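Quick notes on the structure that follows.
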Amino acid sequence: MKKRMLRDLEVSEIGMGCMGFSHGYGQVPEKAYSIRAIEKAHDFGCTLFDTAETYGREMFYPGHNEELVGKALAPFRKEVVLATKFHIGPEEGKGNTSLYDTIRGHLDASMKRLKTDYVDLYYLHRLNEQVALEEVADVMGRLIRQGLIRGWGMSQVSRDTLEKAHRITPVSAVQNLYSMVERDCEQDIFPFSMENRIGVVAFSPIASGFLSGKVTADTKFKGDDVRKFVPQLSKENLAANQPLLDILADYACRKSATNAQISLAWMCHKYPNVVPIPGSKNQERILENLGACKVELTDQEFASLEEALDACTIYGHRGHVESEQKTFSNNWTK
Ligand SMILES: NC(=O)c1ccc[n+]([C@@H]2O[C@H](COP(=O)([O-])OP(=O)(O)OC[C@H]3O[C@@H](n4cnc5c(N)ncnc54)[C@H](OP(=O)(O)O)[C@@H]3O)[C@@H](O)[C@H]2O)c1
61 MKKRMLRDLE
71 VSEIGMGCMG
81 FSHGYGQVPE
91 KAYSIRAIEK
101 AHDFGCTLFD
111 TAETYGREMF
121 YPGHNEELVG
131 KALAPFRKEV
141 VLATKFHIGP
151 EEGKGNTSLY
161 DTIRGHLDAS
171 MKRLKTDYVD
181 LYYLHRLNEQ
191 VALEEVADVM
201 GRLIRQGLIR
211 GWGMSQVSRD
221 TLEKAHRITP
231 VSAVQNLYSM
241 VERDCEQDIF
251 PFSMENRIGV
261 VAFSPIASGF
271 LSGKVTADTK
281 FKGDDVRKFV
291 PQLSKENLAA
301 NQPLLDILAD
311 YACRKSATNA
321 QISLAWMCHK
331 YPNVVPIPGS
341 KNQERILENL
351 GACKVELTDQ
361 EFASLEEALD
371 ACTIYGHRGH
381 VESEQKTFSN
391 NWTK
C-alpha cells in the first residue's frame with residue numbers, strides 16, 4: 061500500500077480502527093477471529109492500527125481492546141504504527157500526583173496491555189478543562205525524549221487548540237471525525253495541519269457504515285451499538301440522504317468499486333495528509349476498505365464528485381461524539 065506521513069511517522073494510506081472488536085458496535089466476534097482480522101489487514105499492507113485504553117468500557121472492561129490488539133500485533137510489532145489514546149479523568153490532576161506521573165501511569169498500563177515498551181502515536185482522547193493543555197503538551201515532549209512514545213496527537217479538537225499544543229510540542233496527528241457527511245475539518249483543521257506537517261487521522265470515515273449504503277431503515281442495532289443514537293441513521297434521515305448514496309453508487313459502478321471504497325478514495329484524493337481509519341468487525345469488509353487504496357479517481361472524476369457533494373444537503377449528524385466545540389457539521393439541518 062502507498063504510504064503517508066503523520067509528521068515523522070510513516071503509515072499506510074489507509075489504517076485500521078480496532079474499536080469495534082470490543083466496543084461501540086454491538087455483538088463482537090470471537091477473539092481469535094478478531095486477531096486473524098488484524099493479521100489479514102497487516103498482510104494486506106496496513107501499518108496503522110488504532111485503539112484506546114477505554115475501548116471495551118460498555119461491552120467488557122477498559123483495556124479489552126488494547127489487550128486484543130497487542131496480542132494480534134506482537135508478531136510484527138516493529139513493522140507497524142500502533143496508536144492508542146488516554147483520558148485524564150475528572151479527579152485526576154487535582155491531587156498531589158504530578159501530571160507527568162498521571163499520564164505516565166496511563167501509558168505504562170497501556171503498554172503492559174499492548175505488550176510493548178513504546179507507543180508510536182499517543183493521543184489525548186478528549187480535553188479535560190481542569191488540566192492545562194500546555195502542560196499536557198509538555199509532558200508529551202518529555203515522553204518523546206524518553207523514547208516511550210514516538211509522536212503524539214489529540215482527538216476532536218479545534219484548530220486553536222491544535223495550534224496551542226503544537227507550539228509546545230509538535231503534533232504528529234489530529235484524530236477528528238471526518239467523512240463525506242461530516243466535513244467541518246475542511247474549514248481550518250486541514251489547512252493548518254497541511255501547513256504544519258500534521259496528519260489528519262479521520263475516524264468514522266464511512267459515517268458508521270452509512271456511506272457503504274448497507275444500512276437501511278430495516279437494520280436493527282443491538283447491544284451497545286452507538287448507531288441506535290446516531291440521528292443521521294434515523295429512518296427519516298436515511299431516506300432524506302438517499303441522493304448522496306445514489307451519487308456514491310454511480311461512482312462505485314463506474315469505477316468497479318464499492319460505495320465505502322469511493323468514500324475513502326475521495327478523501328485520500330482530496331488531502332495528502334489524511335489517513336482514514338475505517339472500522340469493521342468483518343474480515344471481508346476490512347479488506348474491502350483497505351482495498352480503497354487501489355481506487356484512483358482522476359482529477360476530473362474527483363472534481364465532478366466534489367461538485368455533486370457540494371450540491372447535496374446532509375440531514376442529521378453523528379450526534380453522540382462529544383467534541384470540543386459541542387457542534388457538528390455546519391451543513392446539517394435536522
Ligand atoms: N477518536 C475518537 O473519539 C473516535 C471515535 C470513534 C471511533 N474512533 C476510531 O475510529 C475507528 C473507525 O471509526 P468507526 O468504527 O466509527 O468507523 P466507520 O468505518 O465509519 O464505521 C464502522 C461501522 O461501519 C460498518 N462498516 C465499515 N465498513 C463497512 C463496509 N465496507 N460495508 C458496510 N459496512 C461497513 C461497520 O460494520 P461491520 O463491523 O459490521 O462491518 C461498523 O458498524 C474506530 O475503530 C476507532 O479506532 C475514534
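In this text, residue positions in the sequence shown follow the numbering used here: the first is 61, and each later residue adds one. We treat Cβ as the ideally placed atom computed from N, Cα and C, and that holds for glycine. Please read all numbers here as calculations on a predicted model, not as lab measurements.
Next on the checklist: Given this structure, state the Cα-to-Cα distance separating V234 from G259, to the nearest angstrom.
Outcome noted: Taking the first residue of the sequence shown as position 1, residue 234 is located at position 174. Taking the first residue of the sequence shown as position 1, residue 259 is located at position 199. About 6 Å.
Quiz prompt | Closer than 7 Å: M327 CB and nearest ligand 2 heavy atom | solution = With respect to small molecules bound, the structure shown includes ligand 1 and not ligand 2.
- Message: For T279, count the other beta carbons within 10 Å of its own beta carbon; 16 or more makes it buried, fewer makes it exposed. Which is it?
- Response: Taking the sequence shown and counting its residues from 1, the one referred to as residue 279 is at position 219. Residue burial annotation: T279 is exposed, with fewer than 16 other C-beta atoms found within 10 angstroms of its C-beta.
- Message: Checking 8 Å against the spacing of the C-beta atoms, do I74 and P291 come in under that value?
- Response: Counting from one through the sequence shown, the residue named residue 74 turns up at place 14. Counting from one through the sequence shown, the residue named residue 291 turns up at place 231. No. Outside cutoff.
Notebook entry, point to check: Measuring CB to CB, does Y115 end up less than 8 Å from M79?
Noted result: For this step, residue 115 is matched to residue 55 along the sequence shown. For this step, residue 79 is matched to residue 19 along the sequence shown. One thing to note: Y115 has its Cβ within 8 Å of the Cβ of M79.
Practice prompt. For Q302, count neighbouring C-beta atoms within 10 Å of its own C-beta (all shown protein chains included) and say buried if the count is 16 or more, exposed if not.
Written response: The count along the sequence shown starts at 1 and reaches residue 302 at position 242. Exposed, since its Cβ has fewer than 16 Cβ neighbours within 10 Å.
What would DSSP say about Y238, mapped onto helix, strand or coil?
Counted from its first residue, the sequence shown places residue 238 at position 178. Three-state DSSP puts Y238 in coil, outside helix and strand.
ask   = Who are P336's beta bridge partners in DSSP?
value = Here residue 336 refers to the residue found at position 276 when the sequence shown is read from its first residue. Paired residues: A262.
State the DSSP-derived secondary structure class of S323, mapped to helix, strand or coil.
-> Residue numbering aside, residue 323 sits at position 263 when the sequence shown is read from its first letter. For S323, the secondary structure class from DSSP, reduced to helix, strand or coil, is helix.
Any heavy atom of ligand 1 inside 7 Å of the beta-carbon of G116? In the sequence shown, the residue the question calls residue 116 occupies position 56. Checking the Cβ of G116 against ligand 1 gives no.
What residue range is occupied by the uninterrupted alpha helix (DSSP H) comprising Y160?
-> Position 100 of the sequence shown, counting from 1, holds the residue named residue 160. For Y160, the enclosing alpha helix (DSSP H) has its first and last residue at 159–174.
Q) At a cut of 8 Å, does the stretch 335–353 reach the stretch 245–258 through at least three beta carbon pairs? A) No contact exists between the stretch 335–353 and the stretch 245–258.
Buried or exposed for N333, going by 16 or more other Cβ atoms inside 10 Å? Taking the sequence shown and counting its residues from 1, one reaches residue 333 at position 273. So N333 ends up on the buried side.
Can you give me the C-alpha to C-alpha distance between L347 and G149, rounded to a whole angstrom? Here residue 347 refers to the residue found at position 287 when the sequence shown is read from its first residue. Here residue 149 refers to the residue found at position 89 when the sequence shown is read from its first residue. Taking the straight line from one Cα to the other gives about 36 Å.
- Query: If you count every other CB in all the chains shown that lies within 10 Å of the CB of R205, and 16 or more means buried, which is it?
  - Reply: For the purposes of this step, residue 205 is identified with residue 145 of the sequence shown, where counting begins at 1. Exposure of R205 is indicated by the presence of fewer than 16 other C-beta atoms within 10 angstroms of its C-beta.
Extent of the continuous alpha helix (DSSP H) run through G201
As a first step, residue 201 is located in the sequence shown; it is residue number 141 there, counting from the start. Note, G201: alpha helix (DSSP H), 193–205.
* To do: Tell me, to the nearest whole angstrom, how far the beta carbon of V88 is from that of F109; I am working on the premise that it is less than 8 Å.
  => Position 28 of the sequence shown holds residue 88. Position 49 of the sequence shown holds residue 109. V88 to F109, Cβ: 17 Å. No contact.
What's the gap between the Cα of R186 and the Cα of G213?
-> As a working mapping, residue 186 is identified with position 126 in the sequence shown. As a working mapping, residue 213 is identified with position 153 in the sequence shown. Their Cα atoms are separated by approximately 11 Å.
Problem - Under 8 Å between C-beta atoms of L193 and L167 - result: For this step, residue 193 is matched to residue 133 along the sequence shown. For this step, residue 167 is matched to residue 107 along the sequence shown. No, the Cβ-Cβ distance between L193 and L167 is not below 8 Å.
key: Residues bridged to L181 (per DSSP)   = Position 121 of the sequence shown, counting from 1, holds the residue named residue 181. L181 pairs with A143, G211.
Item to complete: Would you check whether ligand 1 has a heavy atom nearer than 7 Å to the C-beta of D284?
Response: In the sequence shown, counting from the first residue as 1, residue 284 sits at position 224. No, the beta carbon of D284 sits no closer than 7 Å to any heavy atom of ligand 1.
Check: Beta carbon of T318: closer than 7 Å to some heavy atom of ligand 1?
Finding: Position 258 of the sequence shown holds residue 318. The answer is yes for T318.
Just checking P265 against ligand 1 - is the residue's beta carbon closer than 7 Å to any of the ligand's heavy atoms? Locating residue 265 in the sequence shown gives position 205, where the first residue counts as 1. Yes, since a heavy atom of ligand 1 falls inside the 7 Å radius drawn around the Cβ of P265.
Give me the Cα-Cα distance between E178 and S170, rounded to the nearest whole angstrom. Position 118 of the sequence shown, counted from the first residue, corresponds to residue 178. Position 110 of the sequence shown, counted from the first residue, corresponds to residue 170. With the sequence shown as reference, residue 178 is identified as Tyr, and Glu is not the correct amino acid for it. Cα-Cα distance, rounded: 10 Å.
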